[in-house]
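Colleague:
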Amino acid sequence: MASPGVPLSGELVKELERIPDGEKIKQCIQCGTCSASCPTAYAMDYTPRAVIAAMRAGQLEKVLRSDTAWLCASCYSCTVRCPAGIQFTDMMYALKRLGIKHGITPKDDRGQKLMATFVEDVDESGRSSELWLMAKYFMRTGPQAALRDAAFAFNMWRNRRLKLVPERVKAAEQLKAIKRALERRQG
Amino acid sequence: MNYLFYPGCALEASSPHYYKSCRLSCEKVGIQLDELEDWTCCGATAYVGTDEVKATAYSARNLALAERAGATDLVTACNACYITLRKSDKFFTNETMRHDASEALQAAGLAYDGTVRVRHIAEVLLNDVGPARIKESITTPLDGLKVACYHGCLLTRPFTDIGDPEQPDIMDRVLAPTGAEMVDFPATAKCCGGMLMTTRREVGLALVYEILSCARAMKADVVAVACPLCSVNLEAYQDAIGQVYDWDRPMPIVLFTQLLALAQGASAEDVGLDQCMIRPEFLMERFA
Ligand code: SF4
Ligand code: SF4
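Chains H and G, in that order, are what the protein sequence lines are.
Under our numbering, the first residue of the first sequence is numbered 144, with each subsequent residue one higher.
Under our numbering, the first residue of the second sequence is numbered 3, with each subsequent residue one higher.
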């Protein structure tokens, strides 16, 4: 379950150590360039700059309960503009992982659900398939969105851009071996 | 010249017209694309959000296969595959990550030494082939056509070595020899919203509307893209955009390789113009 805020921040910093330039997060000068460059900051509870402030204040759990990380479109505008060379997009990814690891559900969990579905798909077959991804995702989020996107699926199909049988590669076995090796290591 | 090619799930499944036109336009300039055997999903922008070591290992599996095949370059046509594979390659420079991911790869009998250069087909056409040779391949110029080249975010971010992160002109320079006019397009590297189009529709629609209305304001006839994911986001939701914003004249979205191949003498059918969700009727007539 969720640990108190300060260990969460420590854990995040440790996570970032695996990433080239991840340690630069300590050098944030709170200039706000990231927030100003972010196309979705307006919809986030914590802007990118505020995420780092919250981390420093040991308030990460609040950030994880908000939708913030799941509103990140992964566009890397913040990353290329940050004067301190901080890989902020990777920080958003790290937040997503941290939330999942500690069982913290954001107030809008659709992003989490879509990602979980995607991961299952790839784990299973080695490929992702738009149709199955959507179908499973809608089963998890309710029929409303499915109806909304029926037109989308029809349009894709009509233009011969939908594969009805998901691809499954022989390499799926290799992926399973990779997955097992990692699970063993993590105990 | 032969290049090892990584199609990726989206190109293979939802954008056969992109794959087809890629091959066609490359052939015309003497490039053959050999598909990497037994490739797996790169993990896109989603996988790394659950487990970064696994994400790196999965995606580096493709790099390991390319390395084993003796390739120096692995070429992709999808912005998301491009950046995901390139990031995995970069992550191998971090010692802890390399150690952990290598251990996992080993379980599948593979190893990655970090010798593969991940490249995007647009950049290969610009830098390895070059405008002069592209020009020589043009037989039916696209005179009079106004094109807005949409690069999207990931082609030049976070890796800025192949073009400007805010105003890249890679596609513009590849397509200029076709005789079409490349309009100024300030929104060229604005984000299309990626997965937000599915998880947070209203946010995604706002982003795409901004891009499309910029193209319209610049008087473009079509928007050319270099990514199967950008392509779907820009074309599939224009009806939905019309329900929220002032948008009643849909904008056709084409792959940049479709335009290139048309100018190299291919027909509308050859390049799969009929697979565009918003059909560029004027091009279909012209190149029937
Ligand atoms: S742009 Fe960089 S230094 Fe400035 S607030 Fe954002 S992360 Fe911190
Ligand atoms: S990568 Fe995420 S946080 Fe950074 S600017 Fe883009 S959407 Fe905002």
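All residues carry an ideal CB built from backbone N, CA and C; glycine is no exception.
Which residues does DSSP pair with G/Cys151 in a beta bridge?
Modeller: Against the second sequence, residue 151 of chain G aligns to sequence position 149. Its beta-bridge partners are G/Ala226.
Colleague: For H/Ser146, which residues in the same chain have their Cβ closer than 6 Å to its Cβ, ignoring the five residues on either side in sequence?
Modeller: Residue mapping note: residue 146 of chain H aligns to position 3 of the first sequence, counting from 1. Per-residue confidence for H/Ser146 stands at a pLDDT of 44, beneath the threshold of 50, marking its modelled position as unreliable; the derived number appears in the next sentence. No residues qualify anywhere along the chain.
Colleague: Using a Cβ cut-off of 9 Å, pull out every chain G residue sitting near H/Arg192, in sequence order please.
Modeller: Residue numbering aside, residue 192 of chain H sits at position 49 when the first sequence is read from its first letter. Within 9 Å Cβ-Cβ: nothing; H/Arg192 doesn't reach chain G, min ~18 Å.
Colleague: Considering just the uninterrupted stretch of the beta strand (DSSP E) at G/Val256, what are its terminal residues?
Modeller: Numbered from 1 along the second sequence, position 254 holds the residue referred to as residue 256 of chain G. That run of the beta strand (DSSP E) goes 255 to 257.
Colleague: Within its chain, find whatever has a CB closer than 8 Å to the CB of H/Pro150; leave out the 5 residues flanking it on each side and keep chain order.
Modeller: The residue you call residue 150 of chain H lines up with position 7 of the first sequence. Around H/Pro150: no qualifying Cβ.
Colleague: In angstroms with no decimal places, state the Cα-to-Cα distance between G/Thr200 and H/Gln317.
Modeller: As a position in the second sequence, residue 200 of chain G is number 198, starting the count at 1. As a position in the first sequence, residue 317 of chain H is number 174, starting the count at 1. Cα-Cα distance, rounded: 30 Å.
Colleague: Could you confirm whether any beta carbon from chain H is found closer than 8 Å to the beta carbon of G/Glu37?
Modeller: The sequence position of residue 37 of chain G within the second sequence is 35, counting from 1. No, because no Cβ of chain H sits closer than 8 Å to the Cβ of G/Glu37.
Colleague: If we cut at 8 Å on Cβ distances, does H/Ser209 have a partner in chain G?
Modeller: Numbered from its first residue, the first sequence carries residue 209 of chain H at position 66. No, because no Cβ of chain G sits closer than 8 Å to the Cβ of H/Ser209.
Colleague: How would you write the range of the alpha helix (DSSP H) that H/Gln329 sits in, first residue to last?
Modeller: Residue mapping note: residue 329 of chain H aligns to position 186 of the first sequence, counting from 1. First-last of the alpha helix (DSSP H) with H/Gln329: 315 to 329.
Colleague: Could you check which residue in G/Glu287, G/Cys83, G/Leu214 has the C-alpha nearest to that of G/Gly45?
Modeller: In the second sequence, residue 45 of chain G corresponds to position 43, counting from 1. It is G/Cys83 whose Cα lies nearest to the Cα of G/Gly45.
Colleague: Around the C-beta of G/His19, are 16 or more other C-beta atoms found within 10 angstroms, so that it is buried, or is it exposed?
Modeller: Along the second sequence, one-based indexing puts residue 19 of chain G at 17. By the neighbour-count rule (16 or more Cβ atoms within 10 Å), G/His19 is buried.
Colleague: Counting C-beta neighbours from all protein chains within 10 Å, is the total for H/Tyr219 16 or more, i.e. buried, or is it exposed?
Modeller: Here residue 219 of chain H refers to the residue found at position 76 when the first sequence is read from its first residue. So H/Tyr219 counts as buried.
Colleague: At the 8 Å Cβ level, is H/Glu160 part of the contact set with chain G, yes or no?
Modeller: In the first sequence, the residue the question calls residue 160 of chain H occupies position 17. By this cut-off, H/Glu160 is an interface position.
Colleague: Say yes only if the C-beta of G/Arg88 is nearer than 7 Å to one or more non-hydrogen atoms of ligand 1, and no if none qualify.
Modeller: Position 86 of the second sequence, counted from the start, is the residue given in the question as residue 88 of chain G. No.
Colleague: Pairs of beta-carbons, one from the region 163 to 178 of chain H and one from the region 183 to 190 of chain G, closer than 8 Å: are there three or more?
Modeller: They do not touch, by the three-pair rule.
Colleague: Could you pull the start and end residues of the alpha helix (DSSP H) that H/Tyr219 belongs to?
Modeller: Counting from 1 along the first sequence, the entry for residue 219 of chain H is found at position 76. Neither: H/Tyr219 is in no alpha helix (DSSP H) and is coded neither H nor E.
Colleague: From G/Leu26 to G/Val273, what does the alpha carbon distance come to, in whole angstroms?
Modeller: To locate residue 26 of chain G, count along the second sequence from 1; it is residue 24. To locate residue 273 of chain G, count along the second sequence from 1; it is residue 271. Those two C-alpha atoms are separated by around 8 Å.
Colleague: Let's see if you can read the secondary structure: which residues bound the beta strand (DSSP E) around G/Phe7?
Modeller: On the second sequence, position 5 is the one that residue 7 of chain G refers to. Residues 4 to 8.
Colleague: Does any residue of chain G have a CB that is nearer than 8 Å to the CB of H/Leu318?
Modeller: If you number the first sequence from 1, residue 318 of chain H lands on position 175. Taking Cβ atoms only, chain G reaches closer than 8 Å to H/Leu318, which makes this a yes.
Colleague: Pick helix, strand or coil for G/Met173, following the three-state DSSP scheme.
Modeller: Translated into the one-based positions of the second sequence, residue 173 of chain G becomes position 171. Three-state DSSP puts G/Met173 in a helix.
Colleague: With DSSP as the reference, identify every bridge partner of G/Glu37, one or two as the case may be.
Modeller: Position 35 of the second sequence, counting from 1, holds the residue named residue 37 of chain G. G/Glu37 is bridged to G/Phe7.
Colleague: Quick one: is the Cβ of H/Pro249 within less than 7 Å of any heavy atom of ligand 2?
Modeller: Here the question's residue 249 of chain H lines up with position 106 in the first sequence. The answer is no for H/Pro249.
Colleague: Quick one: does the C-beta of H/Ala184 sit closer than 7 Å to a heavy atom of ligand 2?
Modeller: Here the question's residue 184 of chain H lines up with position 41 in the first sequence. Correct: H/Ala184 has its Cβ closer than 7 Å to ligand 2.
Colleague: Looking at ligand 2, does it come within less than 7 Å of H/Ala333, judged from the CB to the closest heavy atom?
Modeller: The question about residue 333 of chain H has no answer, for chain H in this structure spans 144 to 330.
Colleague: Run through the DSSP bridge pairs and tell me what G/Arg119 is partnered with.
Modeller: Indexing the second sequence from 1 puts residue 119 of chain G at position 117. In the DSSP output, where bridge partners are listed per residue, G/Arg119 has G/Asp75.
Colleague: Anything in chain H within Cβ reach of G/Met184, meaning under 7 Å, just list it in chain order.
Modeller: Within the second sequence, numbered from 1, the residue matching residue 184 of chain G stands at position 182. In chain order: nothing, as chain H lies at least about 23 Å away.
Colleague: If we ignore side chains and look at the alpha-carbon of each, how far apart do G/Asp1 and H/Glu160 end up?
Modeller: Because chain G here runs from 3 to 290, residue 1 of chain G falls outside it and cannot be looked at.
Colleague: Taking 8 Å as the threshold (beta carbon to beta carbon), is H/Pro147 in contact with chain G?
Modeller: Within the first sequence, the letter at position 4 stands for residue 147 of chain H. Residue confidence is low: H/Pro147 scores 46 on pLDDT, short of 50, so the model does not pin down where it sits. No coordinate-derived value is stated.
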